[in-house]
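Take a look at the structure set out below.
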Amino acid sequence: MLANNSLKVTNTTEPGLSCDRTGLEITFMVLDITASAIILFGNFLVFVAIVTSLTLRPQPMNQFLASLAVSDMIMGAFVSPVYSLFCIGCLEYSLSKYCWLLESAKDLALASSILNLLAISYDRCCAVYYPLQYQILMTKKRVYSIICFIWGMTFFIAGIRHSWIHTKTGSELHTINSLYNILLILLIFFLPCIIITVINLKIIMTIRNQARQVFSLKNMHRQDAEVANQDDIQEEVTRKRKGTFACALVVLVFVVSWIPRVSFNIQYKLKGDLGGVNILLQKLSIFFLTVQSSVNPIIYSLYRSDFREAVVKLLKCNTN
Numbered sequence: 001m002l003a004n005n006s007l008k009v010t011n012t013t014e015p016g017l018s019c020d021r022t023g024l025e026i027t028f029m030v031l032d033i034t035a036s037a038i039i040l041f042g043n044f045l046v047f048v049a050i051v052t053s054l055t056l057r058p059q060p061m062n063q064f065l066a067s068l069a070v071s072d073m074i075m076g077a078f079v080s081p082v083y084s085l086f087c088i089g090c091l092e093y094s095l096s097k098y099c100w101l102l103e104s105a106k107d108l109a110l111a112s113s114i115l116n117l118l119a120i121s122y123d124r125c126c127a128v129y130y131p132l133q134y135q136i137l138m139t140k141k142r143v144y145s146i147i148c149f150i151w152g153m154t155f156f157i158a159g160i161r162h163s164w165i166h167t168k169t170g171s172e173l174h175t176i177n178s179l180y181n182i183l184l185i186l187l188i189f190f191l192p193c194i195i196i197t198v199i200n201l202k203i204i205m206t207i208r209n210q211a212r213q214v215f216s217l218k219n220m221h222r223q224d225a226e227v228a229n230q231d232d233i234q235e236e237v238t239r240k241r242k243g244t245f246a247c248a249l250v251v252l253v254f255v256v257s258w259i260p261r262v263s264f265n266i267q268y269k270l271k272g273d274l275g276g277v278n279i280l281l282q283k284l285s286i287f288f289l290t291v292q293s294s295v296n297p298i299i300y301s302l303y304r305s306d307f308r309e310a311v312v313k314l315l316k317c318n319t320n
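What the sequence shown shows, in full-length UniProt numbering, is residues 1 to 320, in sequence order.
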């Protein structure tokens, strides 16, 4: 999925960027610490709100969102600022020798985020296209099985790299790592992103068509009882639309945030060494991913009133 920066303890830079320019390190240190604080606070609120709310917890989509919040918290705790500071840049620190371990945390956070988004898209697809069968399709057992599969696959993806990191060296290690990165980019990023994007676009178009049909029915029927019934239907369509649009926006932010990281991996493959990749691009590629994790809770609160109510209730309980 990602170029393995832990192959070298001391990072090298492009000739145009000297390691004497510590301003870049300080700037991104401040940005990463800020993003990390937002990620941990926001996603912790989302996770606790779902777990403690009797209305949010039973919903399958919210359980996937709680799993996504855990992925984002891993991002905030280990990738930003720890991985970004100690494993990418001009300077070497005492913790830089543990970059191989932080690399696993990074793979864990990013792979689980993608798989959780895929699960959320599947849940929305079932809710919109098979509303009558939804309770049968998304049982508690199936939801828990999907979540267990997500994290089992994630730990496998993050851990398999260790089978050669500690046994291979030099050009052989670089070749294996490069091939593995390409495979992960294709199978764990591009393919799921295409699937997620297509599913969410189709869902949005379907919900819009449903809204038009409800509006047409309201114009056709003027009796009070029928109008009241149509109002109930429209309210359900509106609720479903807001929830789906929030998930679609999360996916859009995710795809955009990955553009710098994909550019980094392409440069890394073409140059064949981290020394040929612009250090600013390396820093930005990780920072954009942390921004994506910090934006997710904001999107939930903007688009979903039930989330806002649960978070406000949670905060009030803590202040009393």
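Using N, Cα and C, we set each Cβ at its ideal position, and we do this for glycine too.
Keep in mind it's a predicted model, so treat the numbers as computed, not measured.
Problem set entry | Selection from Ile136, Leu31, Ala127, Ile50 that minimises the alpha carbon distance to Ser84 | Leu31
Exercise. Hey, out of Leu117, Leu270, Gly159, Leu65, whose CA is closest to Pro297's CA?
Worked result: Leu65
Exercise. By Cβ distance, which residues of its chain are closer than 8 Å to Arg222, with the 5 residues on each side in sequence left out?
Worked result: The pLDDT assigned to Arg222 is 47, lower than 50, so where the model puts this residue is not dependable; a value taken from the coordinates is nonetheless given after this. Around Arg222: no qualifying Cβ.
Exercise. Taking one C-beta from the region 59-74 and one from the region 111-126 each time, how about it: are there three or more such pairs within less than 8 Å?
Worked result: yes
Problem set entry | Simplified DSSP assignment, three categories, for His174 | helix
For this session: Let me know the secondary structure DSSP gives Val227 once reduced to three states.
Result: Bear in mind that a pLDDT of 47 at Val227, under 50, signals an unreliable position, so the number given afterwards is only what the model happens to contain. If DSSP states are grouped into helix, strand and coil, Val227 belongs with the helices.
For this session: Go through the region 42-102 residue by residue and report every complete run of the alpha helix (DSSP H) that reaches 4 residues or more, in order.
Result: 60-74, 84-87
Exercise. How would you call Ile38, buried or exposed, if buried means at least 16 neighbouring beta carbons within 10 angstroms?
Worked result: buried
Exercise. Using the C-alpha atoms, what's the distance from Met75 back to Val198?
Worked result: 26 Å
Exercise. Using DSSP with H/G/I as helix, E/B as strand and the rest coil, what is Arg261?
Worked result: helix
Problem set entry | Buried versus exposed call for Ser171 [16 or more other C-beta atoms within 10 Å across all chains shown] | exposed
For this session: Please report the residue range of the alpha helix (DSSP H) in which Lys140 lies.
Result: 140-160
Problem set entry | Where Arg124 falls: helix, strand or coil (DSSP) | helix
Exercise. Which of helix, strand or coil does DSSP assign to Thr34?
Worked result: helix
Exercise. Taking DSSP as the reference, what is the three-state secondary structure of Asn278?
Worked result: coil
Exercise. Residue range of the alpha helix (DSSP H) that Gln135 falls in?
Worked result: 134-137
Problem set entry | Rounded C-alpha distance that separates Cys148 from Gly23 | 43 Å
Exercise. Ordered along the chain, which non-local residues of its own chain (more than five positions away) have a Cβ less than 6 Å from that of Lys313?
Worked result: none
Exercise. Nearest CA to the CA of Trp100: which residue from Trp258, His166, Gln282?
Worked result: His166
Exercise. Skipping 5 residues on each side, what residues in its chain have a beta carbon closer than 6 Å to that of Ala158?
Worked result: Ser104, Asp107, Leu108
Exercise. Under the three-state reduction of DSSP, which class applies to Arg208: helix, strand or coil?
Worked result: helix
Exercise. Within the chosen definition, does the region 125-139 reach the region 185-195 through at least 3 CB pairs nearer than 8 Å?
Worked result: no
For this session: Return the CA-CA distance between Met29 and Ser294, expressed in angstroms with no decimal places.
Result: 16 Å
Exercise. Hey, how far is the Cα of Thr34 from the Cα of Ser285?
Worked result: 16 Å
Problem set entry | Same chain, Cβ closer than 6 Å to Ala228, five either side skipped, listed in chain order | Any reading at Ala228 is ruled out, since the residue's pLDDT is 48, under 50, leaving its predicted position unreliable.
Exercise. Taking DSSP as the reference, what is the three-state secondary structure of Thr22?
Worked result: helix
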